[in-house]
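Peer 1: So the protein sequences, as listed, match chains U and X.
Just so we're aligned: the first sequence equals residues 1 to 249 in full-length UniProt numbering.
Just so we're aligned: the second sequence equals residues 1 to 649 in full-length UniProt numbering.
Yeah, the Cβ is synthetic: ideal placement off N, Cα and C, and Gly gets one too.
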Amino acid sequence: MKLTLRVWRQRAADADGAMSTYEVDDISPDMSFLEMLDTLNEELILRGEDPVAFDHDCREGICGACSLVINGDAHGPERTTTCQLHMRSFRDGDTIDVEPWRASAFPVIKDLVVDRTAFDRIIQAGGYVTAPTGAAPEAHATPVPKPDADFAFEHAECIGCGACVAACPNGAAMLFTSAKINHLNVLPQGAPERETRVLDMVAQMDEEGFGGCTLAGECATACPKGIPLVSITGMNKEWLRATRKVAKR
Amino acid sequence: MNSYADYTTGAPVVDGTAPDGPVAERWDKRRFEAKLVNPANRRKHTVIVVGTGLAGGSAGATLAEQGYHVVQFCYQDSPRRAHSIAAQGGINAAKNYRNDGDSVHRLFYDTVKGGDFRARESNVHRLAQISVEIIDQCVAQGVPFAREYGGLLDTRSFGGVQVSRTFYARGQTGQQLLLGAYQALSRQIAAGNVEMHPRTEMLDLIVVDGRARGIVARDLITGRIDTYFADAVVLASGGYGNVFYLSTNAMNSNATAVWRAHRRGAYFANPCFTQIHPTCIPRTGDHQSKLTLMSESLRNDGRIWVPKAKGDTRPANGIPEDERDYYLERIYPSFGNLVPRDIASRAAKNVCDEGRGVGPGGQGVYLDFADAISRMGRAAVEAKYGNLFDMYQRITDEDPYEVPMRIYPAVHYTMGGLWVDYDLQTTVPGLFAIGEANFSDHGANRLGASALMQGLADGYFVLPATINDYLARNPRQDEVTGEHPVVQEVLAETQDRLNLLLSVDGDRTPDSFHREVGELMWEFCGMARTDAGLRKALSRIPQIREEFWRRIKVPGTGEEFNQSLEKANRVVDYLELAELMCLDALHRAESCGGHFREESQTPDGEAARHDEEFSYAAAWEFTGTGEAPALHKEDLVFEYVHPTQRSYA
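1) Within the same chain, show all residues whose beta-carbon is closer than 8 Å to that of PRO643 of chain X, passing over the 5 residues directly before and after it, in chain order.
2) Would you check if the distance between the CB atom of GLY386 of chain X and the CB atom of ARG170 of chain X is smaller than 9 Å?
3) Tell me the rounded alpha-carbon separation between ALA216 of chain U and PHE54 of chain U.
4) Are the beta-carbon atoms belonging to ASN193 of chain X and VAL50 of chain X less than 9 Å from one another?
5) Could you please give me the residues that DSSP links to HIS514 of chain X through a beta bridge?
6) Just confirm the distance between the C-beta atoms of PHE33 of chain U and LEU85 of chain U, as a whole number of angstroms; I'd bet it's less than 8 Å.
7) May I have the straight-line CA-CA distance separating SER3 of chain X from GLY210 of chain X, to the nearest angstrom?
8) Please classify THR625 of chain X as buried or exposed, where buried requires at least 16 neighbouring CB atoms within 10 angstroms.
9) Check the C-beta distance from LEU502 of chain X over to LEU565 of chain X and give it rounded, since I have them as a contact under 8 Å.
10) Which chain X residues are close to GLU35 of chain U, counting only those with a beta carbon under 7 Å from its beta carbon?
11) Just to make sure I have the definition right: I need the residues of chain X whose C-beta is within less than 7 Å of the C-beta of HIS56 of chain U. Which are they?
12) What number of angstroms, rounded off, separates the C-alpha of LEU36 of chain X from the C-alpha of TYR470 of chain X?
13) GLY211 of chain U by DSSP, collapsed to three states: which one?
14) Along the chain, where does the beta strand (DSSP E) that runs through residue 666 of chain X open and close?
15) Anything in chain U within Cβ reach of VAL37 of chain X, meaning under 7 Å, just list it in chain order.
16) Give the DSSP bridge partners of LEU34 of chain U, in chain order.
17) Confirm, please, whether the CB-CB distance from GLY239 of chain X to THR414 of chain X is below 9 Å.
18) Going by other Cβ atoms of all chains shown within 10 Å of its Cβ, with 16 needed for buried, is LEU240 of chain U buried or exposed?
19) I want to see whether chain U comes within less than 9 Å of PHE244 of chain X, judged by CB atoms only; does it?
20) Should PHE32 of chain X be labelled buried (16 or more other beta-carbon atoms within 10 Å of its own) or exposed?
21) From TRP522 of chain X to TYR267 of chain X, what distance separates their C-alpha atoms?
22) Does the beta carbon of ASP120 of chain U sit closer than 9 Å to a beta carbon anywhere in chain X?
23) Do you know how far the Cα of TRP8 of chain U is from the Cα of ARG91 of chain U?
24) Tell me whether ASN182 of chain U sits in a helix, a strand or coil according to DSSP, three-state version.
25) ILE281 of chain X and THR292 of chain X: beta carbons closer than 9 Å?
26) Which residues, in chain order, does the stretch 477–509 of chain X contribute to contact with chain U at a C-beta distance below 9 Å?
27) So, does the CB of ILE343 of chain X fall closer than 9 Å to a CB anywhere in chain A?
28) In or out: THR4 of chain U buried (at least 16 other Cβ within 10 Å) or exposed?
29) Relative to the C-alpha of GLN72 of chain X, which candidate in X:ARG26, X:GLN188, X:HIS83 and X:GLU576 has its C-alpha closest?
30) Excluding the five sequence neighbours on either side, which residues of its own chain have a C-beta within less than 7 Å of the C-beta of ALA348 of chain X, listed in chain order?
31) Measure the alpha-carbon distance for LEU580 of chain X versus PRO271 of chain X and round it to whole angstroms.
32) Could you pull out every residue in the same chain whose Cβ sits closer than 7 Å to the Cβ of ARG324 of chain X, ignoring the five residues on either side in sequence?
33) Less than 9 Å between CB atoms is the rule here; does TYR68 of chain X satisfy it with respect to chain U?
34) For chain U, find out if any of its Cβ atoms is closer than 9 Å to the Cβ of PHE73 of chain X; answer yes or no.
35) Given 8 Å as the limit, is there contact between the stretch 61–70 of chain U and the stretch 149–165 of chain U, that is, 3 or more CB pairs closer than that?
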């Protein structure tokens with residue numbers, strides 16, 4: 001395959017950026033999208049040009065590092081991570097736009113690499129169960145109904161890639177935040193911190209500069225792990241419940 | 001740059017901290033004898049932890065909970081992304097919830113035997129004991145393990161064992177365990193007990209007066225090189241499988257932290273013990289940048305076969321039952337498709353070498369779920385393996401519900417690593433190594449679902465107990481600052497190395513060298529090794545290294561985000577480590593576990609160990625660039641599990 005790439009190039013956080021055009025040839029449909037970019041970068045290095053910087057690591061769809069907006073879609077045309085997108089999803093002769101996540105809470109570091117540490121701070125605000133090492137009771141002491149365990153797992157699948165934020169017209173982090181709240185709040189182990197968790201994480205989310213939610217639903221459409229939109233409803237319910245419960249105290 | 005295909009033999013290395021007495025009491029004994037640090041004094045101690053995978057994440061969180069000041073590093077943009085996250089299958093624990101005859105002693109026995117009698121009994125028994133506490137800890141953190149309808153935890157059986165002791169979270173067990181550790185670590189970051197440095201890579205170790213006192217690290221965003229000081233340094237930087245270029249490791253997993261520590265005095269043990277995983281997706285072409293593993297839990301229900309006839313190019317579903325060779329079931333009737341990884345991998349290589357491989361280039365075998373689907377129904381197969389099937393379909397564009405999967409072995413895990421004593425301390429006082437970065441528990445072959453167990457055992461339970469002893473015995477070390485001559489020297493060496501990489505301005509990319517050395521290693525130090533092949537690799541590697549320093553091209557500068565520079569610097573270390581791996585493989589003229597020497601086989605083609613000669617861990621000492629390394633042997637003593645030739649027939 002022969003392709004034309006239009007790639008966002010930005011030397012550093014405080015530099016201006018622009019789209020640059022590159023031609024790539026001999027692309028196999030079996031290549032992953034990132035392997036196609038590897039090919040481009042090998043050529044750029046030999047030409048003495050700066051290769052395109054992008055985040056990637058596991059290349060098997062689970063670490064959440066890769067983060068490209070491809071032809072306007074977070075992670076591209078398939079519902080998966082960028083690393084699991086293959087060139088067979090494109091046609092010979094296509095022109096493909098490649099951009100970084102666009103959100104004010106995710107500033108660009110270089111080219112296609114953005115700063116997602118805001119997500120870490122949301123987890124630090126309460127996305128955990130306080131269970132110091134060694135203090136745990138026997139695992140079977142507290143049975144968890146299978147539907148609850150499955151519900152927790154489905155939300156715990158979030159890989160923290162940020163596609164939900166990149167896809168949202170408001171740059172909101174509601175889906176990311178709600179996934180963790182739903183995961184922990186449904187479990188008996190998460191119950192003692194149920195209220196503080198949702199209140200603190202939502203407050204941190206707002207402080208980081210993520211936008212508000214208008215239920216556009218783009219987040220759930222872009223999510224490579226299929227976190228459902230109702231996850232946000234669940235978080236709002238938890239937030240309301242916690243607000244009222246705390247007010248009564 | 002000379003070859004160091006030669007070596008000298010030094011004094012034996014002795015594990016001075018392993019307690020004696022009955023094996024089941026040793027861990028209690030060591031914990032009691034280890035000195036403690038007064039809780040009020042802990043905050044005065046700084047501990048550096050490099051890496052945030054299962055071992056590093058759990059260690060950082062636990063040390064901080066105990067009151068230590070932890071300074072932690074990862075090259076990723078977040079401590080949630082280390083490659084532990086990609087572990088699929090599960091985590092072993094001797095809970096015996098199935099009442100199927102499991103026990104701590106059986107897990108201990110299986111692990112020593114599975115490791116082909118090249119691991120320490122004391123360490124392995126401790127691991128088996130701690131396994132049960134890990135499950136309790138993770139459940140308390142909210143790790144969503146698979147459960148039965150009654151609300152209790154589900155378990156399954158996993159590669160090479162006959163009890164169901166593997167706990168799992170669908171096909172994403174590593175992810176869920178890592179997020180548990182990451183969340184515990186996040187709590188400590190928020191509390192101010194952990195100073196976290198993401199996108200920061202360790203480039204060297206600082207050793208002052210014979211003790212590990214800090215590291216040199218590069219901020220990957222700004223390129224700034226800084227020094228960090230501590231009372232102890234913990235390396236949790238993972239394995240070195242990426243030496244092979246193609247492996248199932250993450251693209252940026254690397255050997256720099258352990259290799260630099262080795263150069264500063266830490267012995268490197270059993271570097272040739274690498275694990276080739278049998279169930280990976282075959283490569284599709286030269287563009288391949290990494291290989292994807294599929295959990296070997298697939299072997300519980302999938303049946304492995306190749307055509308009986310050589311060069312049979314019919315589609316899988318067109319080959320009648322009596323023309324298929326279910327070779328694992330035929331050769332190993334009692335274990336069948338569940339034989340340990342090394343045996344399954346080598347058997348796949350053998351049938352492909354015979355010309356019976358399937359798929360592009362004949363480098364694959366079938367893993368067939370047709371029987372499982374007709375027995376359990378498609379829905380049950382989907383519930384158990386759905387995400388793995390989806391992943392396979394996405395990568396290969398083939399539907400595994402309709403046609404058999406194609407699999408081929410790939411480098412997956414490295415049992416070798418920094419030599420550590422029972423306390424997980426390396427030969428450099430104050431330097432500890434945990435998780436895949438050390439060599440301690442898996443011998444010559446790791447059993448499935450045991451990597452997660454070891455990473456978390458080391459990080460949650462072992463290191464937090466043993467590091468106290470070191471800190472208590474060295475309560476007030478002299479303060480080290482950036483002005484110290486040793487620090488200045490290490491810093492200058494690091495800076496010079498990066499400057500040299502940037503200044504060569506040759507005509508080859510870092511990846512091209514990585515690929516070249518990786519292909520060489522796969523050919524000569526991969527699934528089957530020979531004296532002649534290893535010697536060939538040993539003569540070739542120094543030539544590649546020489547060419548590297550003449551022809552490497554790294555664009556940009558050191559004072560910016562520069563992924564080519566990161567990569568080139570990692571390749572520098574692969575080019576040295578590769579040589580030590582080949583040397584270790586050459587000197588170990590026996591077959592054991594993942595190390596198969598063609599000269600050392602039983603009459604029926606199985607690995608033949610030579611216990612009288614090689615029942616030791618090989619700990620290598622770095623003696624200088626281009627100098628012959630020194631071999632220090634640690635004799636292995638088996639009091640409880642008596643070495644037998646492994647037989648899975």
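Peer 2: So, to answer that:
1) Within the second sequence, the letter at position 643 stands for residue 643 of chain X. Answer for PRO643 of chain X: PHE117, ARG609, ASP611 and SER615, listed in chain order.
2) In the second sequence, residue 386 of chain X corresponds to position 386, counting from 1. In the second sequence, residue 170 of chain X corresponds to position 170, counting from 1. Against a cut-off of 9 Å, the Cβ pair of ARG170 of chain X and GLY386 of chain X comes out as a contact.
3) Locating residue 216 of chain U in the first sequence gives position 216, counting from the first residue. Locating residue 54 of chain U in the first sequence gives position 54, counting from the first residue. Approximately 28 Å between the Cα atoms of the pair.
4) Numbered from 1 along the second sequence, position 193 holds the residue referred to as residue 193 of chain X. Numbered from 1 along the second sequence, position 50 holds the residue referred to as residue 50 of chain X. Contact flag unset, no.
5) Within the second sequence, numbered from 1, the residue matching residue 514 of chain X stands at position 514. Answer by DSSP bridge pairing: none, since HIS514 of chain X is not bridged.
6) Sequence index remark: in the first sequence, residue 33 of chain U carries index 33 (1-based). Sequence index remark: in the first sequence, residue 85 of chain U carries index 85 (1-based). Correct: roughly 4 Å between the Cβ atoms.
7) Within the second sequence, numbered from 1, the residue matching residue 3 of chain X stands at position 3. Within the second sequence, numbered from 1, the residue matching residue 210 of chain X stands at position 210. Residue placement at SER3 of chain X is flagged as unreliable, the pLDDT there being 46, under the threshold of 50; the coordinate-derived value follows with that caveat. One C-alpha to the other measures close to 28 Å.
8) Within the second sequence, numbered from 1, the residue matching residue 625 of chain X stands at position 625. Counting Cβ neighbours within 10 Å, THR625 of chain X comes out exposed, since fewer than 16 surround it.
9) As a working note, residue 502 of chain X is residue 502 in the second sequence. As a working note, residue 565 of chain X is residue 565 in the second sequence. Indeed, because the Cβ distance is near 7 Å, the residues count as touching under 8 Å.
10) Residue mapping note: residue 35 of chain U aligns to position 35 of the first sequence, counting from 1. By Cβ distance, chain X contributes HIS287 and SER289.
11) The residue labelled residue 56 of chain U in the question sits at position 56 within the first sequence. Simply MET251.
12) Taking the first residue of the second sequence as position 1, residue 36 of chain X is located at position 36. Taking the first residue of the second sequence as position 1, residue 470 of chain X is located at position 470. Spanning the two alpha carbons is a distance of roughly 9 Å.
13) One-based indexing of the first sequence puts residue 211 of chain U at position 211. DSSP places GLY211 of chain U in strand when its eight states are reduced to three.
14) With chain X covering 1 to 649 only, the question about residue 666 of chain X has no answer from this structure.
15) Here residue 37 of chain X corresponds to residue number 37 of the second sequence, with the count starting at 1. Those within 7 Å of VAL37 of chain X in chain U number zero; the least Cβ separation is about 16 Å.
16) Translated into positions along the first sequence, residue 34 of chain U becomes position 34. The partner list for LEU34 of chain U (beta bridge, DSSP) is empty, contrary to what the question assumes.
17) Sequence index remark: in the second sequence, residue 414 of chain X carries index 414 (1-based). Sequence index remark: in the second sequence, residue 239 of chain X carries index 239 (1-based). Cβ atoms of THR414 of chain X and GLY239 of chain X: closer than 9 Å.
18) Here residue 240 of chain U refers to the residue found at position 240 of the first sequence. Answer is exposed; the Cβ neighbour count stays below 16.
19) Position 244 of the second sequence, counted from the start, is the residue given in the question as residue 244 of chain X. Output row for PHE244 of chain X: interface = no.
20) For the purposes of this step, residue 32 of chain X is taken as residue 32 along the second sequence, with counting starting at 1. Classification of PHE32 of chain X: exposed, given that the 10 Å Cβ count is below 16.
21) Here the question's residue 522 of chain X lines up with position 522 in the second sequence. Here the question's residue 267 of chain X lines up with position 267 in the second sequence. C-alpha separation (whole angstroms): 24 Å.
22) By 1-based counting over the first sequence, the position of residue 120 of chain U is 120. Closer than 9 Å: yes.
23) Position 91 of the first sequence holds residue 91 of chain U. Position 8 of the first sequence holds residue 8 of chain U. Each residue's alpha carbon lies about 21 Å from the other.
24) Counting from one through the first sequence, the residue named residue 182 of chain U turns up at place 182. In this structure, ASN182 of chain U counts as helix in the three-state DSSP scheme.
25) As a working note, residue 281 of chain X is residue 281 in the second sequence. As a working note, residue 292 of chain X is residue 292 in the second sequence. Cβ distance < 9 Å, so ILE281 of chain X and THR292 of chain X count as in contact.
26) ASP505, ASP507, ARG508 and THR509
27) Here chain A cannot be found, since the structure's protein chains are U and X.
28) Locating residue 4 of chain U in the first sequence gives position 4, counting from the first residue. So THR4 of chain U counts as exposed.
29) Taking the first residue of the second sequence as position 1, residue 72 of chain X is located at position 72. When each option's Cα is compared against that of GLN72 of chain X, the closest is X:GLN188.
30) Along the second sequence, one-based indexing puts residue 348 of chain X at 348. For ALA348 of chain X, where only same-chain residues beyond five positions count, the Cβ hits under 7 Å are PRO278, VAL365, TYR408 and PRO409.
31) For the purposes of this step, residue 580 of chain X is taken as residue 580 along the second sequence, with counting starting at 1. For the purposes of this step, residue 271 of chain X is taken as residue 271 along the second sequence, with counting starting at 1. Cα to Cα, LEU580 of chain X sits roughly 7 Å from PRO271 of chain X.
32) Reading the second sequence from its first residue, position 324 is the one you call residue 324 of chain X. Contacts found: TRP305, PRO307 and LYS308.
33) Position 68 of the second sequence, counted from the start, is the residue given in the question as residue 68 of chain X. It does not; no Cβ of chain U falls within 9 Å.
34) Here the question's residue 73 of chain X lines up with position 73 in the second sequence. Cβ-Cβ to chain U under 9 Å: no for PHE73 of chain X.
35) yes
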